[in-house]
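Data first, discussion second: the structure below is written as structure tokens.
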Amino acid sequence: MSEVVKGLTRRDFMKYCTGAAAALGLAEICGVEKIAQALEAALKKPPVIWLTGQDCTGCSISLLSIEDPGPASLVLDKISLRYHDAIMAGAGHVAEKALHDTIKEGGYVFIFEGSIPAADDRFCLVGGRPIKQTALKTAANAAAIISVGACAAYGGIPRATVSQGLPLSKVVTDKPIINLPTCPVHMDHLMGTILYYLTTHKVPPLDNIGRPKMYFGVSVHENCRRRPYFDAEMYLKDWNDPEQKDWCLLEKGCKGPDTMSDCPIRRWNNGINFCIDAGAPCQGCSEPSFYEQNSPLYAMGPVTDRILAMKAAGLIPKKKIA
Ligand code: SF4
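Under my numbering, the first residue of the sequence shown carries the number 54, and numbering increases by one thereafter.
Okay, here's the thing in structure tokens:
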């Protein structure tokens with residue numbers, strides 16, 4: 054096969070598979086050869102349906118922000134995005150037909166973004182129908198279901214509104230759902246999960262709230278670069294004091310100790326930065342406590358109180374800055 058992906062030679066294809074496996078954290082789990090074989094076998098392009106409920110479209114923006122060429126574009130080149138109401142070329146009846154034809158066909162990956170209103174179906178109508186109805190119909194024939202972003206995974210900000218947004222898992226209760234929270238979803242998490250599924254035909258190992266352990270197995274706090282200041286009990290108090298600029302953000306409401314995600318290692322915007330390194334406390338967007346229990350986001354709350362109490366009791370030993 055001289056060309057396996059549009060514009061790529063076999064050598065380039067293998068190079069990108071190696072890069073994708075490393076960047077998406079799959080090299081040891083799946084193996085580069087297996088990934089390459091799965092992608093080659095997937096030349097028929099597995100269909101994907103992407104529905105949006107109550108959301109800000111941030112996860113879709115995350116999808117559109119992928120750098121090209123990159124591991125994500127390699128994966129995207131291998132799937133057939135049949136329906137996405139914000140970015141598909143078709144509109145109206147043509148778009149609706151594409152959705153319903155794909156549902157009839159079955160065997161697709163169903164990606165859901167946003168939440169589903171519990172208060173009244175009329176809060177979210179897409180194509181003239183309640184999103185709840187379309188989500189249930191789409192889930193029924195899906196081969197795999199992925200909830201992307203905090204809203205779809207756990208309700209997110211819409212859960213705190215009058216619409217009482219529900220996560221997809223509260224509506225679709227008869228099938229396994231992979232939760233990829235964070236606000237918005239990290240494209241490495243999504244592409245890595247799709248690639249894992251294409252390679253193994255299995256759902257990746259999940260934690261007890263449906264998140265892949267390979268991305269949500271360690272807390273933000275564990276890998277935070279401000280951690281030495283936390284250990285030394287040097288908490289930033291004055292944003293305007295240059296001397297404090299690298300200090301721990303615990304007293305500014307950081308939820309990092311209670312938040313499982315690989316953000317400090319993977320980082321965001323193509324690996325450029327993430328909240329804490331940009332000077333903002335972690336808001337715990339990969340946890341079900343986001344947004345309601347975690348707000349106000351920039352103030353001390355139960356997480357801060359508990360950690361400070363543990364420090365005061367000597368349960369977390371103080372260490373000097375090396
Ligand atoms: Fe980093 Fe927040 Fe932990 Fe401080 S509390 S070390 S800022 S994650």
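Note that beta-carbon positions come from the ideal geometry of N, C-alpha and C, so glycine has one too.
### Query
Can you tell me whether residue 340 is buried or exposed, with buried defined as 16 or more other CB within 10 angstroms of its CB?
With 16 or more other Cβ atoms within 10 Å, it is buried.
### Query
Nearest-angstrom Cα distance between residue 202 and residue 371?
36 Å
### Message
Helix, strand or coil, according to DSSP, for residue 304 in the structure here?
### Response
helix
### Heavy atoms of the ligand SF4 versus C-beta positions, residues under 6 Å
273, 274, 277, 279, 280, 283, 301, 302, 303, 307, 309, 310, 329, 335
### Query
Since residue 134 is in the beta strand (DSSP E), which residue starts that stretch and which ends it?
Annotation: the continuous beta strand (DSSP E) that includes residue 134 extends over 133 to 137.
#### Entry: Minimum C-alpha distance to residue 118 - residue among 75, 240, 171, 327
240
### Query
What is the C-beta distance between residue 298 and residue 351, in whole angstroms, given that I count them as a contact (C-beta under 8 Å)?
The Cβ separation is near 16 Å, so there is no contact.
### Query
Where residue 290 and residue 195 are concerned, what is the direct C-alpha to C-alpha distance, given to the nearest angstrom?
50 Å
### Task
Output the boundary residues of the beta strand (DSSP E) element that contains residue 269.
Not the beta strand (DSSP E): residue 269 falls in the alpha helix (DSSP H), residues 266 to 269.
### Query
Which residue or residues does DSSP assign as beta-bridge partners of residue 107?
168
### Query
Contact check, residue 171 vs residue 215 under 8 Å by CB: the rounded distance?
Contact between residue 171 and residue 215 fails: their C-beta atoms lie close to 11 Å from each other, not under 8 Å.
### Query
Which of the three DSSP states, helix, strand or coil, is assigned to residue 238?
In the structure shown, the three-state DSSP call for residue 238 is coil.
### Message
Using DSSP's beta-bridge definition, name the partner residues of residue 292.
### Response
Answer is none; residue 292 lacks a bridge partner.
### Message
Tell me the DSSP secondary structure of residue 318 in three-state form.
### Response
helix
### Task
Please confirm whether residue 231 and residue 198 have their CB atoms less than 8 Å apart.
yes
### Query
Just to confirm, are residue 334 and residue 327 a CB contact at a threshold of 8 Å?
no
### Message
Is residue 213 a contact residue of the ligand GTP, with contact defined as CB to any heavy atom under 7 Å?
### Response
This structure does not include the ligand GTP; its bound ligands are the ligand SF4.
### Message
Rounded to whole angstroms, what is the Cα-Cα separation between residue 359 and residue 254?
### Response
42 Å
### Message
Please classify residue 225 as buried or exposed, where buried requires at least 16 neighbouring CB atoms within 10 angstroms.
### Response
Counting C-beta atoms within 10 angstroms of its own C-beta, residue 225 has 16 or more neighbours from the protein chains shown and is therefore classed as buried.
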